[in-house]
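Colleague: Quick one: structure below, then a few questions.
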Amino acid sequence: MSEYPLIKSSHAGLNYFKIGTGTPLLLIHGTPGDGRQMLQEFGWLADEGFQLVAPCRPGYFGTALSLGKSMEAQAECMATLMDHLGFDHYGVLAWSGGGPAAIYLAQSYPLAVRALVLQSCVMMPCVSSSEERKMMWVLSRPLLSRLLKLMAVVRPNKLFENMIVSDLGCSNSEVKLIAKQLLERDSRLLQYAKKMFTDLVPHSNHKIGYQNDSKIFSDLAPLPLSELKMPCLISYGLKDKMLTREHAVLANKEIPNSVLLEYENMGHMPKLSLQYVELKQKLLDFLNAHVN
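See the structure below:
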């Protein structure tokens, strides 16, 4: 859960993070966010023999929006980055709002993209959920965001519980038990919760990218799902408050060589579910079978 060094690419123009050695895996972050959130959620793959490249999409964390205002242009930026790093083939793992760019990348570079993972990804037109709008409202208020950042330091358990309630929609009585079970399994989750929130502050690091994504997603053109030929693993938590199940179902229906995994007690943030252990194994098996 340590800080990751930011790399500024003068060639591709994307700011990005890179950890691990071995088989290359491109991580495409959601809305809002940047490459750090992807490493917080999936950084464990670096210990499993994967070299993780986590760019900050245009408009996020210092990457200029002018590099890619459309999802097709963002896909081209990522292809350029991976080519610059010397990877002629790799896997792609996208989360949430990173889905459309991942689809265009896989469509345009089918020989490079060996396998695709879509974790609760945008696949059709949608507007921001009430939970997302609430989060962005808080982040846009400097005083509130500073208070929550302070709470992350002095009361990390409370922040952790609040994140669980927001993600899973559970009651205040249920959250105590869920938090206890999660921390018994992995005590590092308190640091995870702290980083997932504090990395979104200040709001200015993500505002432009979020606004651009929101505009695109509200009128998203049909994605070329049926043109994808590589193996695709689709994962969706049935308690997701950010995206509806229809996104995952559409992807599974349209992508020929796809498999859909659904988790009853998982929301939009996989690590906040006791079923994450099961997902991790499925994800690792898929990547080892199709990317290595």
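This note's numbering puts the first residue of the sequence shown at 17, with every later residue one more than the last. Just so you know, even glycine gets a beta-carbon here, dropped at the ideal spot from N, CA and C. These figures come from a predicted structure and were not determined experimentally.
Quick check: what's the CA-CA separation for Asp63 versus Thr39?
Modeller: Indexing the sequence shown from 1 puts residue 63 at position 47. Indexing the sequence shown from 1 puts residue 39 at position 23. Whole-angstrom Cα-Cα distance: 11 Å.
Colleague: Just to confirm the assignment, what range does the alpha helix (DSSP H) spanning Gly269 have?
Modeller: For the purposes of this step, residue 269 is taken as residue 253 along the sequence shown, with counting starting at 1. The question names Gly, but residue 269 is Lys in the sequence shown. 261-270 is the span of the alpha helix (DSSP H), which, as asked, contains Lys269.
Colleague: Consult DSSP for Tyr252 and reduce its assignment to one of helix, strand or coil.
Modeller: Sequence index remark: in the sequence shown, residue 252 carries index 236 (1-based). Three-state result, Tyr252: strand.
Colleague: Hey, how far is the Cα of Val69 from the Cα of Asn31?
Modeller: The residue labelled residue 69 in the question sits at position 53 within the sequence shown. The residue labelled residue 31 in the question sits at position 15 within the sequence shown. Distance between the alpha carbons of Val69 and Asn31 is about 10 Å.
Colleague: Taking its Cβ as the centre, do 16 or more other Cβ atoms sit within 10 Å of Gly185, making it buried, or is it exposed?
Modeller: Here residue 185 is taken as the residue at index 169 of the sequence shown, counted from 1. Under this definition Gly185 is an exposed residue.
Colleague: The beta strand (DSSP E) that contains Gly107, what's its start and end?
Modeller: By 1-based counting over the sequence shown, the position of residue 107 is 91. Looking at the DSSP string, the run of the beta strand (DSSP E) that includes Gly107 is 106-111.
Colleague: Could you tell me whether the Cβ atoms of Gly114 and Gly46 are closer together than 8 Å?
Modeller: Looking up residue 114 in the sequence shown gives position 98. Looking up residue 46 in the sequence shown gives position 30. A contact, by the Cβ cut-off of 8 Å.
Colleague: Taking C-alpha atoms, which residue in Ala195, Leu132, His263 lies nearest to Leu206?
Modeller: Counted from its first residue, the sequence shown places residue 206 at position 190. Ranking the options by Cα distance to Leu206, first place goes to Ala195.
Colleague: Just mark Ala267 as buried or exposed, buried being the case when its beta carbon has 16 or more other beta carbons within 10 Å.
Modeller: Along the sequence shown, one-based indexing puts residue 267 at 251. Result: buried.
Colleague: Assuming contact is defined by CB atoms lying nearer than 8 Å, are Leu239 and Met139 in contact in what I supplied?
Modeller: Taking the sequence shown and counting its residues from 1, the one referred to as residue 239 is at position 223. Taking the sequence shown and counting its residues from 1, the one referred to as residue 139 is at position 123. For Leu239 and Met139, yes; Cβs fall inside 8 Å.
Colleague: When burial is assigned at 16 or more other CB atoms within 10 Å of the CB, is Asn221 buried or exposed?
Modeller: Counting from 1 along the sequence shown, the entry for residue 221 is found at position 205. With 16 or more other Cβ atoms within 10 Å, it is buried.
Colleague: Identify which residue in Val143, Leu134, Tyr252, Met94 has its Cα closest to the Cα of Ser25.
Modeller: By one-based count along the sequence shown, residue 25 stands at place 9. Nearest option by C-alpha distance: Met94.
Colleague: Let's test the definition: count the other Cβ atoms within 10 Å of the Cβ of Ser182 and tell me whether it reaches 16, buried, or not, exposed.
Modeller: The residue labelled residue 182 in the question sits at position 166 within the sequence shown. By the 10 Å Cβ count, Ser182 comes out buried.
Colleague: Going by C-alpha distance, which of Leu81, Asp104, Leu109, Ser82 is nearest Glu57?
Modeller: For the purposes of this step, residue 57 is identified with residue 41 of the sequence shown, where counting begins at 1. Comparing Cα positions, the closest option is Leu109.
Colleague: If I measure Cβ to Cβ from Ala209 and keep anything under 7 Å in the same chain, skipping five residues before and after, which residues do I get?
Modeller: For this step, residue 209 is matched to residue 193 along the sequence shown. Cβ neighbours of Ala209 beyond the five flanking positions: Pro172, Leu175, Phe176, Met179.
Colleague: Can you confirm whether the segment 161-169 touches the segment 128-147 when touching is taken to mean that 3 or more C-beta pairs between the two stretches lie within less than 8 Å?
Modeller: Counting Cβ pairs under 8 Å, fewer than three are found: no touch.
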